[in-house]
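Under my numbering, the sequence shown has 134 at position 120, and the numbering climbs by one with no breaks.
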Amino acid sequence: MPTMSTTPTVLATLNKTDIDAHRQELVRLDKQLAWLDGRALKLMSQDGQISDLDPLHEFMDFYHTSLQKLHERKSNEGNEIKRLIQRLDRLEEKVTESDFDVLIHGRNEHREMIITVHIDRSNIDVNLEVSYFISNCSCSASYDVRVNSSEIVKSTTQLTYHGVVVCI
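Below, the structure written as structure tokens:
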């Protein structure tokens, strides 16, 4: 069963596969109905006098029961196909809306991360490594370095890194 993280395109593919499987089941049920009707037609076309009605009665009971079951299964398969087609239509609509939204608004997501390092003691070296991974994107770096040296003893340095990420 698909998970919540499964993309709409994958779900649409799964639904098409499900629909095909139910359509194949409908074809199989139609073949069973044709076989059953063929047996009944053969029995009705027999010439001559029937001496024992018990086999005929048994076949008629079998025919009636089988016909009911096959029609019920065929109806259920048809309803399931309709349900899956409606679900597929909704998924395709979501994909279309999502694609349209991306085309209209450009990027569909914006994230910002702020990392602050506070140092209480002086004469300490700070080595800060930040790494991230964004697939199918390019990045251009922009730095803002500010040094506050109003007091000679207490000078502060502020380094701001801006990474502009553009999805390809």
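Ideal Cβ positions, reconstructed from N, Cα and C, are used throughout, including at glycine. Just so you know, these numbers come straight off a predicted model, no measurement behind them.
(Q) Please classify L70 as buried or exposed, where buried requires at least 16 neighbouring CB atoms within 10 angstroms. (A) Translated into the one-based positions of the sequence shown, residue 70 becomes position 56. Exposed, since its Cβ has fewer than 16 Cβ neighbours within 10 Å.
(Q) My output table needs one value for S156: the three-state DSSP class, helix, strand or coil. (A) Counted from its first residue, the sequence shown places residue 156 at position 142. If DSSP states are grouped into helix, strand and coil, S156 belongs with the strands.
Q) Where W49 and S80 are concerned, what is the direct C-alpha to C-alpha distance, given to the nearest angstrom? A) Here residue 49 corresponds to residue number 35 of the sequence shown, with the count starting at 1. Here residue 80 corresponds to residue number 66 of the sequence shown, with the count starting at 1. Whole-angstrom Cα-Cα distance: 11 Å.
Q: Can you have a look at M86 and say buried or exposed, based on whether 16 or more other CB atoms are within 10 angstroms of its CB?
A: Residue 86 sits at position 72 when you count from the first residue of the sequence shown. Contrary to the premise, residue 86 reads as Glu rather than Met in this sequence. E86 comes out exposed.
Q: Report the option in R101, Q63, G52 whose CA atom is closest to the CA atom of D32.
A: Translated into the one-based positions of the sequence shown, residue 32 becomes position 18. For the residues R101, Q63, G52, the minimum Cα distance to D32 belongs to R101.
Q) What is the DSSP secondary structure of N90, reduced to helix, strand or coil? A) As a working note, residue 90 is residue 76 in the sequence shown. Helix.
Q.
Could you tell me the alpha carbon to alpha carbon distance between K56 and K88, rounded to whole angstroms?
A. Position 42 of the sequence shown, counted from the first residue, corresponds to residue 56. Position 74 of the sequence shown, counted from the first residue, corresponds to residue 88. Cα to Cα, K56 sits roughly 24 Å from K88.
Q: Output the distance between the C-alpha atoms of N141 and L105, rounded to the nearest integer angstrom.
A: Locating residue 141 in the sequence shown gives position 127, counting from the first residue. Locating residue 105 in the sequence shown gives position 91, counting from the first residue. In a straight line, the C-alpha of N141 is about 48 Å away from that of L105.
Q. In whole angstroms, what is the alpha-carbon distance linking Q82 and L47?
A. Here residue 82 is taken as the residue at index 68 of the sequence shown, counted from 1. Here residue 47 is taken as the residue at index 33 of the sequence shown, counted from 1. C-alpha separation (whole angstroms): 10 Å.
Q) Should T95 and H36 be called a contact, given that it needs their Cβ atoms to be closer than 7 Å? A) By 1-based counting over the sequence shown, the position of residue 95 is 81. By 1-based counting over the sequence shown, the position of residue 36 is 22. Sequence check: residue 95 is Ile here, not Thr. Against a cut-off of 7 Å, the Cβ pair of H36 and I95 comes out as a contact.
**Q.** Burial state of L43 (16 or more Cβ within 10 Å)
**A.** Here residue 43 refers to the residue found at position 29 when the sequence shown is read from its first residue. The residue is buried, with at least 16 neighbouring Cβ atoms inside 10 Å.
Q.
Quick check on D134: does DSSP put it in helix, strand or coil?
A. Taking the sequence shown and counting its residues from 1, one reaches residue 134 at position 120. It is coil, neither helix nor strand.
Q: Determine the closest residue to F73 out of D51, V131, L84, with distance taken between C-alpha atoms.
A: In the sequence shown, counting from the first residue as 1, residue 73 sits at position 59. Comparing Cα positions, the closest option is D51.
Q: With DSSP as the reference, label N2 as helix, strand or coil.
A: As displayed, the chain neither begins before 15 nor continues past 182, which places residue 2 out of reach and without an answer.
Q) For D32, which of helix, strand or coil comes out of DSSP? A) Counting from 1 along the sequence shown, the entry for residue 32 is found at position 18. Helix at D32.
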